[in-house]
Amino acid sequence: MDGFLLVLWAVRLLFLGLIYLFLARVIRALLRDLRAAAREPADRQGRLIVLASPSGEPQAGQSFGLDVITSLGRDVNNAIVIDDPFASAEHAVLTYRGNSWYIEDLGSTNGSYINGRRVDGVAPMGFGDELQIGEVRMRLERALR
Amino acid sequence: MIADATPAIRARSRSRVRGPIRPRPRWLETRLLALVALALVVGSLSLGATVSGRFGLADPAGLLIYVAALFAAHAAQVLAGRRTDQILLPTVALLGGISLLLMQRLPQDLVTQSFFGRTLGLAQVQLVWLLGALAVATTLGIVVRSDLWLRRYKYTWAAVGVSLLLLTFVLGTEINGQRLTLQLGPLSGQPTELLKVILVVFLAGYLSENRALLVEQDTRLGPLRLPPLPYLAPMVAMWAIALGIVVIQRDLGAALLFFGVFLALLYVATGRVSLVIIGFVLFLLGSALMAVLFDHIRTRIDIWLDPFADPLGAGFQVVQALHAFARGGLLGVGLGAGLPEIAGRPPIPEVHTDFPLAALGEELGILGVVAILGLYLVVVERGLRIGAAAADDFRSLLAIGLALVVGVQAFIIAAGNLKVLPLTGVTLPFISYGGSSLLANALVVGILLALSDKGVEPPPPPRAGSRWRRAGRPAGA
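Pasting the structure below:
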């Protein structure tokens, strides 16, 4: 009977040990996943995807990686050139501050719109929000991981 | 606005969705599931040996069916070839397996149900529910490719949730002084379990749509910066609903769970600690008011403060649970070796729904309990990770909210079992006996799996709120 009890205790401890082995394996996988995510360049916090652009520049479907400060407008010196008759030369600036994206309209003639609503000065922008400048519509998305 | 998305984008997403289905190996999941199966066989051996006095599995048929179902779910996912999360399913499978072992160990006549003339005991009924839950989670994880059905109809879902709640208020059957169970013909269920999923869907939709407004504008109230008052209305409504649940359903746990998840999501969406503090203070005030007004809540709090004041009456459950944890010690007494039944009943009343953690604490010890809590943490981590990698705010909030529902619920009942918080009657996710609980948590896992797919359909463009549409489309549109 003593031998039986000894083996039984070994089995009980083995059960606990296996649960912990599972946890250890899972945690190793989680850490690997997190490290891989951390290795991604951190300076690309988001991207703008062009949904519609009647005048062809930028092209619909194009995706722009965003820097911490990204300027948009008709002038060629902008990071994202929007060659649209309704866009101003220096139209708007997208900035990443704290934990969130902000759009600032630089006093453009026809205004910038988030989800169809005109921006006064600075407005926060969430991922999935739609930005419209002139006739060009773009969506803010997270950078691809 | 959706109709005029450029053809290029639509074509791209369509080809991704309708492309040929190619099997994709999931080696990590395979390895983890093999480990789960091995652990469960050893656990069953330990249980069987303790109960019968010689080596053998406790319930070979039940265990075999469960493990076979796990690998069937795995195979289905491999064949479907989606790039979904590979850690979630094995983690939940281990929790479910521990649940199955626990239910095999408890007296089988705690729950009996007849299916087509055959009477099934506790473990068999639980096995049926576990298989159902596995089927739900796997199916959702394979089939769901778009979140439009959740995103588009958030107010519809909210209406469904509120009507479920009202239906329970009116038609619910009262069990142990709590009106939680809704009986429709032969089916009975606890709508609050489903309600928690609906709540997260609604909150994710509402907060992602109004996030900018909640962050942007201020109403100053002394030193506190508040969002514009109209946008606080849903918060007040939530508070009222939570208190309504406490008053009418007498369900303290669900109220705590709903409000906790609500505050957490509000914080995730706005990053404002002030909102959370206000909400917390509101909840404390509400609870204090409730404790003054209602006897059953005051009793709960009295039991929590001093269960030994009435160890054989009101405090019996909690005292027995504390004794169970004490008997378990560091390593536990072993599966099946816990205190034998007193007069044919287990010493803790409602052990299979409210106190599974106490039973596991006795038989697996503090090491087992910590491991189980660790498994819940893994589920929460996966949810947060899926949320962090999601393409837009709705998916992000949805994934985080769903994971937090499981985590907060596990915390509430674990804390109740351990006398850290007053005891409330919520279930321990994936472990407690109960069909509604298992199926609702399976919904959570299934949606998380679907959201974790890296090649999923891109989110639709947001629609302007009704207020802006009324004002007319902007110039240049």
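From first to last, the protein sequence lines are chains G and W. The opening position of the first sequence corresponds to residue 1 in the working numbering, with each subsequent residue numbered one higher. The opening position of the second sequence corresponds to residue 1 in the working numbering, with each subsequent residue numbered one higher. Note that the Cβ used here is the ideal one computed from N, Cα and C, for glycine as well.
> Are the C-beta of GLY73/G and some C-beta of chain W separated by less than 9 Å?
Replying inline: Stepping through the first sequence from its first residue, residue 73/G is reached at position 73. Cβ-Cβ to chain W under 9 Å: no for GLY73/G.
> Using 9 Å as the limit for Cβ to Cβ distance, is GLY329/W near chain G?
Replying inline: Here residue 329/W refers to the residue found at position 329 when the second sequence is read from its first residue. Answer no: the Cβ-Cβ gap between GLY329/W and chain G never drops below 9 Å.
> CB-CB under 6 Å to ALA475/W, same chain, minus the five flanking residues each way: which ones, in chain order?
Replying inline: Your numbering for residue 475/W matches position 475 in the second sequence. In this predicted model, ALA475/W has a pLDDT of only 41, less than 50, meaning its place in the structure is not dependable; the value taken from the coordinates is given anyway. Correct list: empty, nothing qualifies.
> When the Cα atoms are used, what is the spatial distance from GLY62/W to SER437/W?
Replying inline: Numbered from 1 along the second sequence, position 62 holds the residue referred to as residue 62/W. Numbered from 1 along the second sequence, position 437 holds the residue referred to as residue 437/W. If I take the Cα positions, the gap works out to 20 Å.
> What do you reckon, are the CB atoms on GLY336/W and ALA58/W nearer than 9 Å?
Replying inline: On the second sequence, position 336 is the one that residue 336/W refers to. On the second sequence, position 58 is the one that residue 58/W refers to. Result yes, Cβ atoms of GLY336/W and ALA58/W sit closer than 9 Å.
> Taking any Cβ of chain W, which residues in the region 46-67 of chain G have a Cβ under 7 Å from it, in chain order?
Replying inline: Within the region 46-67 of chain G, the qualifying residues are LEU51, ALA52, ALA60, GLY61.
>> By DSSP's criteria, TRP101/G is part of a beta bridge. Which residues make up the other side?
In response: Along the first sequence, read from residue 1 onward, the residue named residue 101/G stands at position 101. Partner(s): TYR96/G, MET125/G.
> How close, in whole Å, do the beta carbons of VAL268/W and LEU448/W come, if the pair is a contact with beta carbons under 8 Å?
Replying inline: Residue 268/W sits at position 268 when you count from the first residue of the second sequence. Residue 448/W sits at position 448 when you count from the first residue of the second sequence. Contact flag wrong, Cβ pair sits at about 16 Å.
> Does DSSP put PHE411/W in a helix, in a strand, or in coil?
Replying inline: Here residue 411/W refers to the residue found at position 411 of the second sequence. Of the three classes helix, strand and coil, the one that applies to PHE411/W here is helix, per DSSP.
>> Considering Cα atoms alone, identify which of THR270/W, TRP304/W, PRO311/W, ALA240/W is closest to LEU282/W.
In response: Here residue 282/W corresponds to residue number 282 of the second sequence, with the count starting at 1. It is ALA240/W.
>> Suppose the cutoff is 6 Å on Cβ atoms and the five residues either side in sequence are ignored; what does the same chain contact list for ALA133/W look like?
In response: Here residue 133/W refers to the residue found at position 133 of the second sequence. Answer for ALA133/W: LEU438, LEU439, ALA442, listed in chain order.
>> Between ARG74/G, GLN132/G, PHE127/G, which has its C-alpha nearest ARG46/G's C-alpha?
In response: Your numbering for residue 46/G matches position 46 in the first sequence. Note that residue 46/G is Gly in the sequence shown here, rather than Arg. Checked all of ARG74/G, GLN132/G, PHE127/G; the closest Cα to GLY46/G is PHE127/G.
> Is GLN132/G helix, strand or coil when you go by DSSP?
Replying inline: By 1-based counting over the first sequence, the position of residue 132/G is 132. The answer is strand: DSSP assigns GLN132/G an E or B state.
> How should GLN124/W be labelled, buried or exposed, when 16 other C-beta atoms within 10 angstroms of its C-beta is the threshold for buried?
Replying inline: Along the second sequence, read from residue 1 onward, the residue named residue 124/W stands at position 124. So GLN124/W counts as buried.
> Out of ALA75/W, LEU100/W, SER52/W, which has the shortest C-alpha to C-alpha gap to ILE431/W?
Replying inline: Taking the second sequence and counting its residues from 1, the one referred to as residue 431/W is at position 431. Of ALA75/W, LEU100/W, SER52/W, the residue nearest in Cα terms is LEU100/W.
> Taking 9 Å as the CB-CB cut-off, is TYR29/G touching chain W?
Replying inline: What you label residue 29/G is simply residue 29 of the first sequence in a count that begins at 1. The sequence given here places Ala at residue 29/G; Tyr does not occur at that position. Closer than 9 Å: yes.
> Roughly how many whole angstroms lie between the Cα atoms of VAL276/W and ALA450/W?
Replying inline: On the second sequence, residue 276/W is found 276 positions in, with the first residue counted as 1. On the second sequence, residue 450/W is found 450 positions in, with the first residue counted as 1. Cα to Cα, the separation comes out at about 30 Å.
> Does DSSP put PHE355/W in a helix, in a strand, or in coil?
Replying inline: Looking up residue 355/W in the second sequence gives position 355. Residue state, collapsed to three classes: coil.
> Just to confirm, does ILE248/W get its C-beta within under 8 Å of one of the non-hydrogen atoms of the ligand HEM?
Replying inline: Judged by which ligands are present, the structure shown has none, so any question about the ligand HEM falls away.
> If you draw a straight line from the alpha carbon of ALA190/W to that of VAL162/W, how long is it in whole angstroms?
Replying inline: Stepping through the second sequence from its first residue, residue 190/W is reached at position 190. Stepping through the second sequence from its first residue, residue 162/W is reached at position 162. For clarity, residue 190/W is Gln in the given sequence; the question names Ala instead. Computed Cα separation, rounded: 14 Å.
>> At the 9 Å Cβ level, is GLU90/G part of the contact set with chain W, yes or no?
In response: Here residue 90/G is taken as the residue at index 90 of the first sequence, counted from 1. So no, GLU90/G is outside the interface.
> Taking Cβ-Cβ distances below 8 Å as the criterion, which residues of the region 104-115 of chain G are in contact with chain C?
Replying inline: Annotation note: the requested chain C is absent from the structure, which comprises protein chains G and W.
>> Can you pull out the residues from the region 36-47 of chain W whose beta carbon lies closer than 8 Å to at least one beta carbon of chain G?
In response: VAL36, LEU38, ALA39, VAL42, GLY43, LEU45, SER46
> Closest to GLU363/W by CA distance: which of LEU377/W, LEU421/W, GLY329/W, ILE348/W is it?
Replying inline: Position 363 of the second sequence, counting from 1, holds the residue named residue 363/W. It is GLY329/W whose Cα lies nearest to the Cα of GLU363/W.
> Would you call the CB atoms of PHE325/W and ASP147/W closer than 9 Å?
Replying inline: Along the second sequence, read from residue 1 onward, the residue named residue 325/W stands at position 325. Along the second sequence, read from residue 1 onward, the residue named residue 147/W stands at position 147. Between PHE325/W and ASP147/W, the C-beta spacing is not below 9 Å.
> When the cut-off is 9 Å and only beta carbons count, does TYR20/G lie next to chain W?
Replying inline: Taking the first sequence and counting its residues from 1, the one referred to as residue 20/G is at position 20. Interface residue, yes.
> If we cut at 9 Å on Cβ distances, does ASP59/W have a partner in chain G?
Replying inline: Looking up residue 59/W in the second sequence gives position 59. Chain G, which has no Cβ nearer than 9 Å to the Cβ of ASP59/W, makes this no.
> With respect to the alpha helix (DSSP H) encompassing ARG28/G, which residues constitute its N-terminal and C-terminal limits?
Replying inline: Stepping through the first sequence from its first residue, residue 28/G is reached at position 28. Where ARG28/G is concerned, the enclosing alpha helix (DSSP H) stretches over 2-39.
> What in chain W is Cβ-close to ASP33/G, meaning under 8 Å?
Replying inline: Along the first sequence, read from residue 1 onward, the residue named residue 33/G stands at position 33. Listed along chain W, the residues sitting closer than 8 Å to ASP33/G by beta-carbon distance are ARG385.
> Any beta-carbon of chain W closer than 9 Å to the one on ASN77/G?
Replying inline: Start at 1 with the first residue of the first sequence, and residue 77/G comes out as number 77. Not closer than 9 Å to any Cβ of chain W, the Cβ of ASN77/G fails to qualify, so no.
> When the Cβ atoms of the region 55-74 of chain G are set against those of the region 406-414 of chain W, are three or more pairs found closer than 8 Å?
Replying inline: no
>> As a quick exercise: from TYR153/W, ALA389/W, ALA358/W, ILE372/W, pick the residue whose alpha carbon is nearest that of ALA93/W.
In response: Here residue 93/W refers to the residue found at position 93 of the second sequence. When each option's Cα is compared against that of ALA93/W, the closest is ILE372/W.
> VAL41/W to VAL319/W, Cα distance in whole Å?
Replying inline: In the second sequence, residue 41/W corresponds to position 41, counting from 1. In the second sequence, residue 319/W corresponds to position 319, counting from 1. Each residue's alpha carbon lies about 33 Å from the other.
> Using 9 Å as the limit for Cβ to Cβ distance, is ALA358/W near chain G?
Replying inline: Position 358 of the second sequence, counting from 1, holds the residue named residue 358/W. Cβ-Cβ to chain G under 9 Å: no for ALA358/W.
>> Rounded to whole angstroms, what is the Cα-Cα separation between ASP33/G and ILE386/W?
In response: On the first sequence, position 33 is the one that residue 33/G refers to. On the second sequence, position 386 is the one that residue 386/W refers to. Cα to Cα, ASP33/G sits roughly 11 Å from ILE386/W.
>> Between which two residues does the beta strand (DSSP E) holding TYR267/W run?
In response: Numbered from 1 along the second sequence, position 267 holds the residue referred to as residue 267/W. Taken as a continuous stretch (DSSP letters only), TYR267/W belongs to no beta strand (DSSP E), being part of the alpha helix (DSSP H) at 252-270.
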